[in-house]
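**Q**
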Amino acid sequence: MTSNKATPLSLEQKAALTSGAGWWDTVSYPQAGIPAVVMSDGPHGLRFQESDADHLGLSSSAPATCFPPAVALGSSWDLGLTHRVASALGREAQFFGVNVLLGPGINIKRSPLCGRNFEYFSEDPLLSGALGVAWVKGLQSQGVGASLKHFAANNQETDRMTISADIAARPLQEIYLRAFRRVVMEAKPWTVMCSYNRINGLHASQNPWLLTEILRDEWGFNGVVVSDWGAVVDRVKGLAAGMDLEMPSSSGAGPARVAAAVRSGELDEVRLDLSVARLTTLAAKSAFGARPGIMFDAEAHHALAREAAVRSAVLLKNDGGLLPLDPASGQKIAVIGEFARTPRYQGAGSSQVVPTQLDTALDAIKGLAVNAGIRFAPGFTVDGTSDPIRDSALRQEAVRTAAEADVVVLFLGLPASYESEGFDREHIELPAEQTALLEAVSSANRNVVVVLANGSVVRLSGWADRVPAILEGWLGGQAGGSATADLLFGRANPSGRLTETIPLRIEDTPAYLDFPGEGGHVSYGEGLFVGYRHYDARKLEVSFPFGHGLSYTSFEYSDLRVDNADGGARLAVRVRNSGDRAGREVVQAYVQAPCSRVQRPERELKGFATIELQPGEAAEVVITVPRDEFAYYDVGAAAWLVEELEYSFQVGTSSRDLRLAAAVHIQGDDFVAPVDKESTLAEWFRHPVGGPALQVLLEPVLASVREGALKGSPREKMIMGTRLGQLAQFPAVPVTEDQLDVLMAQVFSN
Ligand code: BGC
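Quick note on numbering that gives the first Met the number 0: the sequence shown kicks off at 0 and runs consecutively.
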């Protein structure tokens, strides 16, 4: 008798399914109808390896489109574009037969020193979450699953496999988990990748609170949790905590441990069956989504990479309107800097892609400014070495070239050896030979445009004042060179915005004193005050604030209105293009909660929208801020709560260029902080039932506080800090233990 029924799996087969078959694929059981799932990095291009595989980007991979990494793509603040880029990645994944692409990385940029910041979007959780949602939805629209990573609190590379990120509950929830929460709930990634590090002492890969209570029970995740490559410490504890798939293969060790643990009763087989069910569903989804034989249009994807790089660059300054340059003016242009010829366009490590083609800015500039006299001088080398004689000769040649030109475009940035997965940066300086070059060149010619290539912020203070224009190109992907030329010559108008603050100096940064920790622990001592939340709270000057970015046109804001909508708020503002070029504005809405009962940042990004406007054109921009965005994480209640408050909205073009403000009243959640004998009198008096009851009980004592010499004195505050339970023990207080029990009963019966 033949049957369509899948053969049931033995214990050993089930255990084997929870570990990889090799570097990139899972175990398959054709007889049981379970195909293999093929995974690949990720996230800004396919790093598909057929043989000689590794997870560190050491071995090569098949050519694929290298889109701008997250540091750049995020700076577009463009959700539609992010969706399109991720869809293109999905098509390329299909072409390579990849079912799950290992991205996006949405960890918060806690310190500019994190060596992997180029792979992450922002210092802000709302922005990281919004971009992550767009990315996951774009990818998964193509039948390819995402792997949201690195869950969680993987904010440094130093000791990344062992370090414990020690974080208090509020920042953990409001800053570090917040973006993950949003992406999981809104975009439903097929998989989540747990990080290497520990969180408050416990490895993410075997943390039941993180992988089960938060991720599944609270956020409703029903996909597969996959380990970062080699993140498994104890396979059985991991499985019990909710970590379904160990990657890569542990050559049989993991499965053997799992099977033995089930046999000995250490691990409940039900737990294993749960993971097997999730893995089987993932395999079925992958098979259903696969489109064998699909091709992708490499030229179209290159054009998309160029569009993305154009949108990603941030025009930091443009004094006197030096940019855009006129391609037809016949100006003599000096192009200086090795990066113009040898672009730095992506980061290093597991995300490193072999591009399908590579544009250089030098070629693109020559191609655009055909009438201009273009002369090139490398100015420095990018091999990371320093040789005073060679460097000085290169500098002199560059200065001669600059002196003879009308305008200089100077390409500076970080050599590849400065930042990578696997280690952190030691400082945020450009190489000394580059700043020396800048000084010399800017002395020889005042019209200098600096174009930067770097995966994380560099210090600009000290030299930015010497030049009239700076274009931050980040790592622009394979078409970054041509995108730069488009922007320099005004074929496109810059509209990127900073997703991270550029500080004046590393000493000003929030995690400066704690990063990267020692003795296996890193304390997140700055709490909620990450990125602009820190600079604003401390009223620190910065080089360029979060959200900043100029355009070749200008925008005016008027008619701000904020109304209640669905328990949250709806904001409408009129934006007008008041310049003479078409342009795109990124409208940012920040919220202040000045009278909150808990500590709050000065302002927090709660919404944004983009609009493209022709010269003179105006339009109403609408931003909805869901109720959820008004919530803070209440540590006592262990829950998200919306406080009843007058919230103030500030709307503008950066976190420090806020043009209009309006307030809105939001109804609070129906929540009463519980009280018991351990609560203070102040807490009891805030309780709607306990407060009045205690008032009656303590009337004799309170009368003297109210009316006597104690009123308003420091002693009153001291008394309010007393623990309720203490009262019955104080000699002169006429309150008995029995009376307190009656009081407690009154509160609990309500
Ligand atoms: C990285 C991940 C990557 C994995 C597979 C790890 O070292 O942290 O981001 O997806 O390797 O290459």
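All C-beta atoms in this analysis are idealised placements derived from N, C-alpha and C, irrespective of residue type, glycine included. Here the structure is a predicted model, which is why all the values come from computation and not from measurement.
Should S2 go down as buried or exposed, given a rule of 16 or more other Cβ atoms within 10 Å for buried?
**A** Against the sequence shown, residue 2 aligns to sequence position 3. Below a pLDDT of 50, predicted positions are generally treated as unreliable, and S2, at 44, falls in that range; the measurement from the model is reported next regardless. The residue in question, S2, is exposed, as its Cβ has fewer than 16 Cβ neighbours within 10 Å.
**Q** Over the uninterrupted beta strand (DSSP E) stretch that includes V408, give me the two end residues.
**A** The sequence position of residue 408 within the sequence shown is 409, counting from 1. 406 to 412 is the extent of the beta strand (DSSP E) around V408.
**Q** May I ask you to report which of helix, strand or coil DSSP gives F422?
**A** Looking up residue 422 in the sequence shown gives position 423. F422 falls in the strand class under three-state DSSP.
**Q** State the Cα-Cα distance for the pair V26 and E118, rounded to the nearest angstrom.
**A** Position 27 of the sequence shown, counted from the start, is the residue given in the question as residue 26. Position 119 of the sequence shown, counted from the start, is the residue given in the question as residue 118. Taking the straight line from one Cα to the other gives about 29 angstroms.
**Q** I want to check one thing, is the minimum distance from the CB of D423 to the heavy atoms of the ligand BGC below 7 angstroms?
**A** Within the sequence shown, the letter at position 424 stands for residue 423. False, no ligand heavy atom lies under 7 angstroms from that Cβ.
**Q** Should R580 and E555 be called a contact, given that it needs their Cβ atoms to be closer than 8 angstroms?
**A** Mapped onto the sequence shown, residue 580 falls at position 581. Mapped onto the sequence shown, residue 555 falls at position 556. Going by C-beta atoms, R580 is not nearer than 8 angstroms to E555.
**Q** Nearest by alpha-carbon distance to A510: which of S678, R169, V352, Q155 is it?
**A** For the purposes of this step, residue 510 is taken as the residue at position 511 of the sequence shown. Of the listed residues, the one whose Cα sits closest to A510 is Q155.
**Q** With a threshold of 16 other CB atoms inside 10 Å of the CB of M192, please say whether the residue is buried or exposed.
**A** Here residue 192 refers to the residue found at position 193 when the sequence shown is read from its first residue. That one is buried.
**Q** Taking 8 angstroms as the threshold (C-beta atoms), are L45 and V97 in contact?
**A** In the sequence shown, residue 97 corresponds to position 98, counting from 1. In the sequence shown, residue 45 corresponds to position 46, counting from 1. A contact, by the Cβ cut-off of 8 angstroms.
**Q** Please work out which residues of its chain come closer than 8 angstroms, Cβ to Cβ, to P342, disregarding the five sequence neighbours upstream and downstream, and give them in chain order.
**A** In the sequence shown, counting from the first residue as 1, residue 342 sits at position 343. Once the five neighbours on either side are set aside, the close Cβ partners of P342 are L357, D358, T359, A360, A452, G475, G479, G480.
**Q** Which one of G264, L214, F410, F287 has the shortest CA to CA distance from I332?
**A** Here the question's residue 332 lines up with position 333 in the sequence shown. Answer by Cα proximity: F410.
**Q** Among G651, W208, H149, G264, whose alpha-carbon lies nearest the alpha-carbon of S754?
**A** Residue 754 cannot be examined here, being either before or after the span of the chain that is shown, 0 to 749.
**Q** Quick one, are the C-beta atoms of T355 and A63 less than 8 angstroms apart?
**A** Within the sequence shown, the letter at position 356 stands for residue 355. Within the sequence shown, the letter at position 64 stands for residue 63. Result yes, Cβ atoms of T355 and A63 sit closer than 8 angstroms.
**Q** What's the C-alpha gap between V261 and G412?
**A** What you label residue 261 is simply residue 262 of the sequence shown in a count that begins at 1. What you label residue 412 is simply residue 413 of the sequence shown in a count that begins at 1. Approximately 54 angstroms between the Cα atoms of the pair.
**Q** So what does DSSP say about V232, is it helix, strand or coil?
**A** Taking the first residue of the sequence shown as position 1, residue 232 is located at position 233. DSSP places V232 in coil when its eight states are reduced to three.
**Q** Does the ligand BGC have a heavy atom nearer than 7 angstroms to the CB of W228?
**A** For this step, residue 228 is matched to residue 229 along the sequence shown. W228 Cβ: within cutoff of the ligand BGC.
**Q** In the structure shown, what three-state DSSP assignment does D535 receive?
**A** Translated into the one-based positions of the sequence shown, residue 535 becomes position 536. Here D535 sits in helix by DSSP.
**Q** Can you grab the Cα-Cα spacing for the pair F729 / S522, in whole Å?
**A** Numbered from 1 along the sequence shown, position 730 holds the residue referred to as residue 729. Numbered from 1 along the sequence shown, position 523 holds the residue referred to as residue 522. Going from the Cα of F729 to the Cα of S522 covers about 40 angstroms.
**Q** Go through its chain and collect everything with a Cβ distance to M0's Cβ below 6 angstroms, but skip five positions before and after it.
**A** As a working note, residue 0 is residue 1 in the sequence shown. Below a pLDDT of 50, predicted positions are generally treated as unreliable, and M0, at 40, falls in that range; the measurement from the model is reported next regardless. Nothing meets the Cβ criterion.
**Q** The ligand BGC and S653: does any heavy atom of the ligand fall closer than 7 angstroms to the residue's C-beta?
**A** Numbered from its first residue, the sequence shown carries residue 653 at position 654. The answer is no for S653.
**Q** Using DSSP bridges, identify the partner residues of H686.
**A** Residue numbering aside, residue 686 sits at position 687 when the sequence shown is read from its first letter. Its beta-bridge partners do not exist; DSSP assigns none.
**Q** Let's test the definition: count the other Cβ atoms within 10 Å of the Cβ of G346 and tell me whether it reaches 16, buried, or not, exposed.
**A** Position 347 of the sequence shown holds residue 346. Answer is buried; the Cβ neighbour count reaches 16.
**Q** Less than 7 angstroms between C-beta atoms, sequence neighbours within five positions excluded: which residues of the same chain meet that for Q738?
**A** By one-based count along the sequence shown, residue 738 stands at place 739. Here the set comprises L696.
**Q** Please report the residue range of the beta strand (DSSP E) in which V590 lies.
**A** As a working mapping, residue 590 is identified with position 591 in the sequence shown. Here the beta strand (DSSP E) through V590 covers 582 to 591.
**Q** G366 by DSSP, collapsed to three states: which one?
**A** Against the sequence shown, residue 366 aligns to sequence position 367. Correct three-state label for G366: helix.
**Q** Judging by CA-CA distance, which residue of T279, A484, F220, A69 is the nearest neighbour of V369?
**A** Counted from its first residue, the sequence shown places residue 369 at position 370. Looking at the Cα atoms, A484 is the closest of the given residues.
**Q** So, for V381: in the same chain, excluding its five sequence neighbours on each side, which residues have a beta-carbon less than 8 angstroms away from its beta-carbon?
**A** By 1-based counting over the sequence shown, the position of residue 381 is 382. Here the set comprises E337, F338, T341, R343, P414, A415.
**Q** Return yes when the Cβ of G372 is within less than 8 angstroms of the Cβ of A397, no when it is not.
**A** Within the sequence shown, the letter at position 398 stands for residue 397. Within the sequence shown, the letter at position 373 stands for residue 372. The answer is no: Cβ separation not under 8 angstroms.
**Q** Could you spell out where the alpha helix (DSSP H) holding G144 opens and where it closes?
**A** Here residue 144 corresponds to residue number 145 of the sequence shown, with the count starting at 1. No alpha helix (DSSP H) holds G144; the beta strand (DSSP E) holding it covers 144 to 150.
**Q** So, using beta-carbon positions, are K316 and L549 closer together than 8 angstroms?
**A** Counting from one through the sequence shown, the residue named residue 316 turns up at place 317. Counting from one through the sequence shown, the residue named residue 549 turns up at place 550. A contact, by the Cβ cut-off of 8 angstroms.
**Q** Near E611, which residues of its chain fall below 6 angstroms by C-beta distance, leaving aside the five closest residues on each side in sequence?
**A** Start at 1 with the first residue of the sequence shown, and residue 611 comes out as number 612. Only R583 meet the Cβ criterion.
**Q** With a threshold of 16 other CB atoms inside 10 Å of the CB of M38, please say whether the residue is buried or exposed.
**A** Sequence index remark: in the sequence shown, residue 38 carries index 39 (1-based). Burial call: buried.
**Q** Give the secondary structure of V576 by DSSP, where H, G and I count as helix, E and B as strand, and everything else as coil.
**A** Position 577 of the sequence shown holds residue 576. The amino acid occupying residue 576 in the given sequence is Asn; Val does not appear at that position. In the structure shown, N576 sits in a strand (DSSP, three-state: E or B).
**Q** Count Cβ pairs between the region 305 to 320 and the region 27 to 37 that sit closer than 8 angstroms; are there 3 or more?
**A** No, the region 305 to 320 is not in contact with the region 27 to 37.
**Q** Is it the case that the CB of D272 approaches a heavy atom of the ligand BGC more closely than 7 angstroms?
**A** The sequence position of residue 272 within the sequence shown is 273, counting from 1. It does not: the Cβ of D272 is nowhere closer than 7 angstroms to a heavy atom of the ligand BGC.
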